[in-house]
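Quick note on numbering: the sequence shown equals residues 4 to 245 in the numbering used here.
Using N, Cα and C, we set each Cβ at its ideal position, and we do this for glycine too.
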Amino acid sequence: MTFLIVVGIAAYFAAAIASVAGFGIGAVLTPILALALGMKTAVAVTAIPHALASSYRLWILRAQVDRRLLLNFGLSSIAGSLCGAGIHAAASNNALSILLGVLLILAGAGGLTGFTESFRLGRKASWIAGFTSGALGGLVGNQGGIRSAAMLAFEVPKESFVATATAIGLLVDAARLPIYIFVSRVDYSQAWSVITVCCLAVIVGTLTGATVLRRIPEHLFRKVVSAIILMSGVLMLIKGNS
């Protein structure tokens with residue numbers, strides 16, 4: 004019961020963060036669930052509340068989706084997700100978690116110092132970033148940090164940023180969930196209580212976060228996203244060394 008309470012609180016705050024940054028549920032929930040379920044099962048289980056929260060958040064912000072960014076990142080993210088989820092059952096995640104942590108820390112630090120504002124990604128770089136984030140999402144359940152770091156180089160309003168990142172994340176979920184079920188053969192029935200608590204908590208967290216999003220000034224938003232990226236990287240490093 005104590006674990007379910009902790010998971011519920013974590014899922015609530017993760018969804019609230021995701022409503023502001025466009026990502027965060029996987030980075031927060033996966034390490035916590037891994038303590039009780041194991042890393043591979045935690046990745047697969049987190050995908051369900053992640054998809055639910057993304058669907059609800061996208062419905063709220065559907066009019067703000069940037070179709071150009073969605074096309075650039077979405078197609079390549081799906082391809083990357085299929086590759087990452089395909090090797091999910093056989094891969095060792097510790098080394099990848101460490102690598103992801105380093106990349107997120109560098110990306111977050113770049114955003115906080117203003118370095119990411121000094122460059123712009125072209126079409127090819129966008130496709131590469133989308134594929135990489137999708138592959139990491141399928142393999143270790145954490146895709147949003149890399150994708151958001153790349154998207155920060157584009158001049159889009161915060162609502163469009165979050166809406167587009169959410170739409171891409173939902174596409175990745177749709178690609179990887181069937182592979183978890185039919186290839187990795189994850190037994191979701193063993194974690195039904197955790198899944199139920201997480202799903203309820205992320206809906207409430209999404210509602211709260213959507214309210215917060217409207218109150219954040221544009222100039223502060225990018226710093227908030229970069230700080231979340233940096234913290235996610237630290238969390239991944241801790242998980243990879245545990």
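Please confirm whether residue i and residue j have their CB atoms less than 8 Å apart.
{"i": "Ala-88", "j": "Tyr-183", "result": "yes"}
{"i": "Gly-27", "j": "Val-237", "result": "no"}
{"i": "Leu-64", "j": "Glu-162", "result": "yes"}
{"i": "Leu-233", "j": "Gly-140", "result": "no"}
{"i": "Tyr-15", "j": "Gly-147", "result": "no"}
{"i": "Ile-149", "j": "Leu-240", "result": "no"}
{"i": "Ala-18", "j": "Gly-212", "result": "yes"}
{"i": "Ala-54", "j": "Leu-173", "result": "yes"}
{"i": "Gly-11", "j": "Ser-79", "result": "no"}
{"i": "Ser-196", "j": "Leu-107", "result": "no"}
{"i": "Val-48", "j": "Ala-194", "result": "yes"}
For the alpha helix (DSSP H) that residue i lies in, which residues bound it at each end?
{"i": "Leu-81", "result": "For the sequence presented, residue 81 should be read as Ile rather than Leu. First-last of the alpha helix (DSSP H) with Ile-81: 70-89."}
{"i": "Val-23", "result": "5-24"}
{"i": "Ala-66", "result": "Run containing Ala-66: none; DSSP gives neither H nor E here."}
{"i": "Tyr-191", "result": "Per DSSP, Tyr-191 belongs to no alpha helix (DSSP H) and is neither H nor E."}
{"i": "Pro-34", "result": "28-40"}
{"i": "Phe-185", "result": "161-185"}
Since I believe residue j is in contact with residue i (beta carbons under 8 Å), could you give me their beta-carbon distance rounded to a whole number of angstroms?
{"i": "Ser-229", "j": "Gly-77", "result": "Not a contact, Cβ separation roughly 23 Å."}
{"i": "Ile-206", "j": "Ile-51", "result": "Actually they do not touch by this definition, with Cβ atoms about 13 Å apart."}
{"i": "Val-31", "j": "Ala-56", "result": "Between Ala-56 and Val-31 the Cβ distance is about 12 Å, and since that is not below 8 Å, they are no contact."}
{"i": "Ile-81", "j": "Val-175", "result": "7 Å"}
{"i": "Ser-84", "j": "Arg-179", "result": "5 Å"}
{"i": "Leu-7", "j": "Val-200", "result": "5 Å"}
{"i": "Gly-133", "j": "Asn-75", "result": "6 Å"}
{"i": "Leu-72", "j": "Met-154", "result": "7 Å"}
Can a CB atom of chain D be found closer than 8 Å to the CB of residue i?
{"i": "Ile-131", "result": "Absent from the structure: chain D. Only one protein chain is present."}
message = Between the segment 15-27 and the segment 157-173, can you find at least three pairs of beta-carbon atoms closer than 8 Å?
response = yes
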